[in-house]
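Residues in the sequence shown are numbered from 266 upward in steps of one, following the working numbering. Have a look at the structure below, then the notes.
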Amino acid sequence: MASLPAIRAAVLVTFSVLLTVVLGFGLPSLLNAVMVMLGFAEATVTECIVVLYLLFVVYIATPRIPRGLVEVTGKAVFITGCDSGFGHALAKHLHKLGFTVFAGCFLKDKGGEGAKELEEFHSDRMKVVQLDVCSEEQVNKAVQYIKDNLEDSERGLWAVVNNAGISTFGEVEFTSMDTYKQVSEVNLWGTIRVTKAVLPLIRRAKGRVVNLASMYGRMGNVLRSPYCISKYGVEAFSDCLRYEMKAWGVKVSIIEPGNFIVATGILTRDIVATTSNELWSKAPSDVKEDYGITHFEHHMALMRSYCNSGQKDVAPVLDDISDAIMSKHPYTRYNPTEPHWWIRVQLMTHLPAAISDLLYF
Numbered sequence: 266m267a268s269l270p271a272i273r274a275a276v277l278v279t280f281s282v283l284l285t286v287v288l289g290f291g292l293p294s295l296l297n298a299v300m301v302m303l304g305f306a307e308a309t310v311t312e313c314i315v316v317l318y319l320l321f322v323v324y325i326a327t328p329r330i331p332r333g334l335v336e337v338t339g340k341a342v343f344i345t346g347c348d349s350g351f352g353h354a355l356a357k358h359l360h361k362l363g364f365t366v367f368a369g370c371f372l373k374d375k376g377g378e379g380a381k382e383l384e385e386f387h388s389d390r391m392k393v394v395q396l397d398v399c400s401e402e403q404v405n406k407a408v409q410y411i412k413d414n415l416e417d418s419e420r421g422l423w424a425v426v427n428n429a430g431i432s433t434f435g436e437v438e439f440t441s442m443d444t445y446k447q448v449s450e451v452n453l454w455g456t457i458r459v460t461k462a463v464l465p466l467i468r469r470a471k472g473r474v475v476n477l478a479s480m481y482g483r484m485g486n487v488l489r490s491p492y493c494i495s496k497y498g499v500e501a502f503s504d505c506l507r508y509e510m511k512a513w514g515v516k517v518s519i520i521e522p523g524n525f526i527v528a529t530g531i532l533t534r535d536i537v538a539t540t541s542n543e544l545w546s547k548a549p550s551d552v553k554e555d556y557g558i559t560h561f562e563h564h565m566a567l568m569r570s571y572c573n574s575g576q577k578d579v580a581p582v583l584d585d586i587s588d589a590i591m592s593k594h595p596y597t598r599y600n601p602t603e604p605h606w607w608i609r610v611q612l613m614t615h616l617p618a619a620i621s622d623l624l625y626f
């Protein structure tokens, strides 16, 4: 029986050959037929390839084509999860662009470094608020603070960016139900809780809701089920909200970042070591016996290898969030990610599962 790597290689080669045949013969013939139907002279294969390439370039360039910008002056944005990572960088970025920023920080009342750094701006347009998105009381207090400090409460709040989130890893049988609940409580229910609280202000401004999901909100992966479940939920919630808010003139966008582990420091070797020890020590004895320490250590080594991977600069994410907030015609979804991850998402979501599973698992 052929080994799995050999099967993968065979599938990739077959797919590449098929794609080459389709691009080399099928598409030029199709383009020729379309041009004849439109009354143009039959094009050559070369011309067809040039047209196809131009269409591809236009598609790739579309996210950067200017679509008009809203006036920033007097507009306020509420961002969750500003202690570090995307949220912290975004708070500084939007303040620089001229927005009034309400930065929600989980560790503000405990003297967190991220909150202190933002408070040291000493700016009327940078307001740091204590915020645990899992606490109904803190969310309501933060929203009341926003209402009391808006430059013009009648204009409402222009945008909310639901960025607060946590990540974890572990195979299903090693992951406790408490972990599943905790991750979803922050990533999904926190997003819903904050959105519901500020939505009246957003509707008043005909503003924006920007939710941070992930490429793992579109596809699954081994060891990531708690995280994937929560981000799939964010995607579904955002889609439903977008349909409902259309009548109010509110735009809802989803940001689906790829691998930014290095840039955000969301996963370190210390975190992997601590989580690994906890997973193994709390696993049922029969699960330990069935899986074995060798299998477990192999997957933990895989997670350690991710600690130094990914993009080193958060700028692509900041640019996409800014576009979602400032563009007159924002996109429904933004995909700041490396090309190979973008291709994987497309294959995982468009190919039959039997094929994509062979390619990646």
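From the three backbone atoms N, C-alpha and C, an ideal C-beta is built for every residue, glycine too.
{"Asked": "Collapsed DSSP secondary structure at F561 in the structure displayed", "Found": "helix"}
{"Asked": "Under 8 Å between C-beta atoms of L488 and V463", "Found": "no"}
{"Asked": "CB contact flag (E543, Q576, <8 Å)", "Found": "no"}
{"Asked": "Straight-line gap, V527 to H594 (C-alpha atoms, nearest Å)", "Found": "31 Å"}
{"Asked": "Residues near H358 by beta carbon distance below 8 Å, same chain, minus five either side", "Found": "L583, S587"}
{"Asked": "Y571 to L532 span [Cα, whole Å]", "Found": "8 Å"}
{"Asked": "Segment limits, alpha helix (DSSP H) that includes S388", "Found": "From DSSP, S388 is part of no alpha helix (DSSP H); its letter is neither H nor E."}
{"Asked": "Residue closest to E500, alpha-carbon to alpha-carbon, out of A380, I520, R473", "Found": "I520"}
{"Asked": "Three CB pairs or more closer than 8 Å across the region 387-406 and the region 369-376", "Found": "yes"}
{"Asked": "Test item: CB-CB of S518 and T460 under 8 Å", "Found": "no"}
{"Asked": "Through-space distance from P465 to V437, alpha-carbon basis", "Found": "39 Å"}
{"Asked": "Cβ pair count under 8 Å reaching 3, the region 433-447 against the region 381-396", "Found": "no"}
{"Asked": "Expected contact under 8 Å - CB spacing of G379 and H353 to nearest Å", "Found": "5 Å"}
{"Asked": "Cut-off 8 Å between Cβ atoms - residues of its own chain near L334, not counting five sequence neighbours on either side", "Found": "M591, S592, K593"}
{"Asked": "Nearest to V515 (by Cα), restricted to the options G472, F502, T539", "Found": "G472"}
{"Asked": "Where N414 sits in the DSSP three-state scheme", "Found": "helix"}
{"Asked": "Residue from I494, Q447, T456 with nearest C-alpha to A429", "Found": "T456"}
{"Asked": "Residue environment, V408, which counts as buried when at least 16 other CB atoms sit within 10 Å", "Found": "buried"}
{"Asked": "Whether I431 touches V451 by CB criterion (8 Å)", "Found": "yes"}
{"Asked": "S518, DSSP secondary structure in three states", "Found": "strand"}
{"Asked": "Where the beta strand (DSSP E) through N427 begins and ends", "Found": "424-427"}
{"Asked": "Straight-line Cα distance separating D535 from N573", "Found": "13 Å"}
{"Asked": "8 Å Cβ cutoff met for F351 and T529", "Found": "yes"}
{"Asked": "Short Cβ contact (8 Å threshold) for M565 with S546", "Found": "no"}
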